[in-house]
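Report on the following structure.
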Amino acid sequence: MPQGEYLGMTLTVLDLDNENLAYFQHCADHDFHLQQCVDPDCDLIRYPPGTACPWCSGREFRWIPVDARGTVHSYGEVHHAIQPAFRERAPYMILLVELDTQAGEPTEHEALRVAGNLVDADGNFAGPDLVKQVGIGSRMRMVFADVAEGLALPHWTLDEDAEQPDTPWRYPQGVNGV
Amino acid sequence: MTTDIDATAGKYLRDKYAIIGVGETTYTRGSGMTTRALGTWAIKNAMDDAGIPASEIDGMMSYSGNDSTASPMLAGDLGIRLNFYMDVQGGGSSSEALIGLAIGAIEAGMCETVVVFRSMNGFSQVRIGGTGARASVPVGGDALHSAAYGWFSAGQNFSPTFMRHMYDYGTTPEQVAMVKVIHSEHASNNPKAYYKQRVTVEDVVNSRMICKPLHLLDCCVETDNATALIVTSVDKAYDYRNTPARILGVAGRVCKPRIDMHFQHGPISTVAGFYIKDLIYRNAGLGPEDIQCTGAYDAFTFTSMLQLEDYGFCEKGEGGDYVSSGIMRLGAERPNNTSGGHLCEGYTHGMNMIIENVRQLRGEVDDYCPVDDNGSRQHTYNYAEPSAGGGCRQVPDLEITQNLGWAMPGTGSSLIMRKG
Numbered sequence: 156m157p158q159g160e161y162l163g164m165t166l167t168v169l170d171l172d173n174e175n176l177a178y179f180q181h182c183a184d185h186d187f188h189l190q191q192c193v194d195p196d197c198d199l200i201r202y203p204p205g206t207a208c209p210w211c212s213g214r215e216f217r218w219i220p221v222d223a224r225g226t227v228h229s230y231g232e233v234h235h236a237i238q239p240a241f242r243e244r245a246p247y248m249i250l251l252v253e254l255d256t257q258a259g260e261p262t263e264h265e266a267l268r269v270a271g272n273l274v275d276a277d278g279n280f281a282g283p284d285l286v287k288q289v290g291i292g293s294r295m296r297m298v299f300a301d302v303a304e305g306l307a308l309p310h311w312t313l314d315e316d317a318e319q320p321d322t323p324w325r326y327p328q329g330v331n332g333v
Numbered sequence: 029m030t031t032d033i034d035a036t037a038g039k040y041l042r043d044k045y046a047i048i049g050v051g052e053t054t055y056t057r058g059s060g061m062t063t064r065a066l067g068t069w070a071i072k073n074a075m076d077d078a079g080i081p082a083s084e085i086d087g088m089m090s091y092s093g094n095d096s097t098a099s100p101m102l103a104g105d106l107g108i109r110l111n112f113y114m115d116v117q118g119g120g121s122s123s124e125a126l127i128g129l130a131i132g133a134i135e136a137g138m139c140e141t142v143v144v145f146r147s148m149n150g151f152s153q154v155r156i157g158g159t160g161a162r163a164s165v166p167v168g169g170d171a172l173h174s175a176a177y178g179w180f181s182a183g184q185n186f187s188p189t190f191m192r193h194m195y196d197y198g199t200t201p202e203q204v205a206m207v208k209v210i211h212s213e214h215a216s217n218n219p220k221a222y223y224k225q226r227v228t229v230e231d232v233v234n235s236r237m238i239c240k241p242l243h244l245l246d247c248c249v250e251t252d253n254a255t256a257l258i259v260t261s262v263d264k265a266y267d268y269r270n271t272p273a274r275i276l277g278v279a280g281r282v283c284k285p286r287i288d289m290h291f292q293h294g295p296i297s298t299v300a301g302f303y304i305k306d307l308i309y310r311n312a313g314l315g316p317e318d319i320q321c322t323g324a325y326d327a328f329t330f331t332s333m334l335q336l337e338d339y340g341f342c343e344k345g346e347g348g349d350y351v352s353s354g355i356m357r358l359g360a361e362r363p364n365n366t367s368g369g370h371l372c373e374g375y376t377h378g379m380n381m382i383i384e385n386v387r388q389l390r391g392e393v394d395d396y397c398p399v400d401d402n403g404s405r406q407h408t409y410n411y412a413e414p415s416a417g418g419g420c421r422q423v424p425d426l427e428i429t430q431n432l433g434w435a436m437p438g439t440g441s442s443l444i445m446r447k448g
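If you read the sequences in order, they're chains D and E. Quick note on our numbering: the first sequence kicks off at 156 and runs consecutively. Quick note on our numbering: the second sequence kicks off at 29 and runs consecutively.
What follows is the structure, given as structure tokens:
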């Protein structure tokens, strides 16, 4: 049962939770995988891990490697943290990154939107200056934070190899210097 | 056997049930009592409001998130013998859903009159915002994809929806702040409200940032309180003290697609109201243009706006214009949350907004207006602050109200009532 301390929280992947066990093992291998429906008429990839296909209800799937790059679809920027260990890391960003893979499929507004925090290239939580560089439209690549054997969390950092928008969209107002 | 009733039609139960009594405790931070004691206090107030004895109540329902006391304890305390009870998991949007289920239980012959209650020490015991005990819960299963990222409290969870609405439609912080401004005006005329101080747009946008795009004053208050209402059939409803609030339609916990993680199915700036409107207006037999007063759940300023927009009170994307136009003010075309709602009166997971609309439909809102010798409130319809000679919050000539309940962007409920 993968379990570890992370930012003051005990993270646990339970023994019976086969889908999350496989998902986080791939993350621990720093090799992002998602489930793909094996029905050839469907073939769709899903996130987060689940027990059936949201498009055809099929229960059979395979794990496939997925290119973990994409575009920030939206975000929250936390200045007043709730969980104790996050307080010293505020402001921190919660990113929803829309993967290039399967964007706009099977219908226009669907996509694989993968959550994570904004981190630097080494996987450390982003400081205030880096936070101010990221917004809707920013191009991101995945990095992993190791937690325990069989458990790492995917996070997001600016993709150095990608063309970034001149000014990603950010919340328009500065308050109290933030 | 034949029947002339089309039981598949949404109109089947339209106008056949009513809310006959409402009650609440005071809204405090530090109730100094258990949720059991709070719950019996609110239910007793609802019973006294209706003038119904314990012997004529035989159903009880509640909702909670491991932060309350279940029906059997409260029923036992109050001497209510139950033919039916059910306590469910849930927060916002549960109140409307449970009213619908209460109707179903009565219709099925399981019971005749149902109390729905919500009792919570949302400030002094289990903080609604997620601080305290809730922040130290071990993280596993689905939460590994959310709480592990410090994506945990309601404001944090909803922020990508709110932010994307600003991106998609150019909605501004100042527009959305008007929700708080207007609700604070209403709360100033509500003796029960926890926050009675009127605030300005500048107060909201200059308050400290909690989680962009939410400033402190974009977020609701956390309070200790219990709330209760009593549902029965229309053939019994007129046996009691007050004019019943008759139920025209209800929709409960309607979801967007991919409700396991609704952000997978966009547009993410669209909320459950987009789907609810097709149920609720069909069931009630009317449309948003017929609604004279709304109770759009205001856990945050943004939640009222997003719902009003997706229910069709304005065009998609124009929610910012709608809430900042002044239309939601008392005295204007369609007031919203005349009690001050969650932003100002107190946080009850939606119940207080239904209670308020029941009282509004009776024409007996408990504001600062004088009460005559017969116990009838003489409304002045002066909506200025009490200190300026106002203090009224009764909507004149009110016939139809709607509650727009919110659990989260992907899930909501609704209730349409008319004056009995």
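C-beta atoms are modelled at their ideal positions from N, C-alpha and C, and glycine is treated no differently.
inquiry  = Given this structure, state the Cα-to-Cα distance separating Met295/D from Gly119/E, to the nearest angstrom.
reply    = Our two residues, Met295/D and Gly119/E, have alpha carbons roughly 35 Å apart in a direct line.
message = Let me see if you follow: with CB-CB separation under 7 Å, is His335/D close to chain E or not?
response = Because chain D is modelled from 156 through 333, residue 335/D falls outside the range shown and cannot be assessed.
message = Suppose contacts are defined by Cβ-Cβ distances below 7 Å. Is Ala256/E in contact with Phe145/E by that definition?
response = yes
Pro220/D - DSSP class collapsed to helix/strand/coil = strand
task = Measure the CB-CB distance between Asn438/E and His290/E and report whether it falls below 7 Å.
result = Correcting the residue type first, residue 438/E is Gly in the shown sequence and not Asn. Yes, these two residues count as a Cβ contact at 7 Å.
inquiry  = Counting only Cβ pairs nearer than 7 Å, list the residues of chain D close to Ile238/E.
reply    = His234, His235
DSSP state of Asp246/E mapped onto helix, strand, coil = In the structure shown, Asp246/E adopts helical secondary structure according to DSSP, grouped into three states.
request  = Give a yes or no on whether 7 Å exceeds the smallest Cβ distance from Arg286/E to chain D.
outcome  = yes
ask   = Helix or strand or just coil, what does DSSP make of Phe180/E?
value = coil
task = Using the Cα positions of Asp184/D and Ala303/D, report the straight-line distance between them to the nearest angstrom.
result = 11 Å
message = Do Asn253/E and Tyr91/E count as a contact pair if the criterion is CB distance below 7 Å?
response = no
query = Is Asn94/E buried or exposed, if buried means 16 or more other CB atoms sit within 10 Å of its CB?
reply = With fewer than 16 neighbouring CB atoms inside 10 Å of its own CB, Asn94/E falls in the exposed class.
key: Contact between the segment 340-350 of chain E and the segment 169-185 of chain E (3+ Cβ pairs under 8 Å)   = no
message = Does chain D have any CB closer than 7 Å to the CB of Val17/E?
response = This structure does not reach residue 17/E, given that chain E is present from 29 up to 448, and the question cannot be answered.
task = Can you say whether Ser293/D is buried or exposed, counting buried as having 16 or more other CB atoms within 10 angstroms of its CB?
result = Per the 10 Å Cβ criterion, buried.
request  = Inspect the beta-carbon positions of Trp324/D and Leu250/D and report whether they are closer than 7 Å.
outcome  = No, the pair does not count as a contact, with Cβ atoms beyond the cut-off.
task = Could you work out which residues of chain E lie near Gly205/D, taking near to mean beta carbons separated by less than 7 Å?
result = Asp288
ask   = Quick one: Cα of Gly183/E to Cα of Ala236/D, how far?
value = 11 Å
query = Within the 7 Å Cβ cut-off, does Gly231/D reach chain E?
reply = yes
request  = For my contact list, Leu245/E and Lys208/E are in at a C-beta cut-off of 8 Å; report their separation, rounded to the angstrom.
outcome  = 5 Å
query = So what does Val399/E bridge to, in DSSP terms?
reply = Assignment of beta-bridge partners to Val399/E by DSSP yields Arg405/E.
query = Closest by CA to Asp314/D, which one among Gly305/D, Asp301/D, Gly278/D?
reply = Gly278/D
task = Establish whether the CB of Gln153/E and some CB of chain D are separated by less than 7 Å.
result = no
key: Span separating the alpha-carbon of Asn185/E from that of Ser174/E   = 8 Å
ask   = In chain E, which residues lie less than 7 Å from Val221/D when you measure between Cβ atoms?
value = Near Val221/D there are no residues of chain E at all, since even the closest Cβ is about 14 Å away, more than 7 Å.
ask   = Any Cβ of chain D within less than 7 Å of the Cβ of Tyr375/E?
value = no
request  = From the DSSP output, in three-state form, read off Cys283/E for me.
outcome  = strand
task = Kindly indicate if chain A contains any beta-carbon less than 7 Å away from that of Gln191/D.
result = Given the protein chain composition of this structure (D and E), no chain A is represented.
request  = Could you tell me which of Thr329/E, Asp326/E, Ala327/E, Gly301/E sits nearest to Pro19/E, measuring between CA atoms?
outcome  = Residue 19/E lies beyond the residue range present for chain E, which begins at 29 and ends at 448; the question has no answer from this structure.
task = Would you please verify whether the beta carbon of Arg199/E is less than 7 Å from any beta carbon of chain D?
result = Residue identity differs from the one stated: residue 199/E is Thr in this sequence, not Arg. No, because no Cβ of chain D sits closer than 7 Å to the Cβ of Thr199/E.
query = Using a Cβ-Cβ cut-off of 8 Å (strictly less than) and excluding sequence neighbours within five positions of Gln158/D, which residues of its own chain qualify?
reply = Within the same chain, Gln158/D has close Cβ partners Thr165, Leu166, Thr167, Val168, Ala303, Leu306.
ask   = Is it true that the segment 212-228 of chain E meets the segment 103-111 of chain E, where meeting means three or more beta-carbon pairs spaced less than 8 Å apart?
value = no
message = Under 7 Å, Cβ to Cβ, is there at least one residue of chain E near Ile291/D?
response = yes
Assigned exposure category for Ser59/E - 16 Cβ within 10 Å defines buried = buried
key: Minimum Cβ-Cβ distance from Pro188/E to chain D less than 7 Å   = yes
query = Can the beta-carbon of Ser212/E be found less than 7 Å from the beta-carbon of Cys420/E?
reply = no
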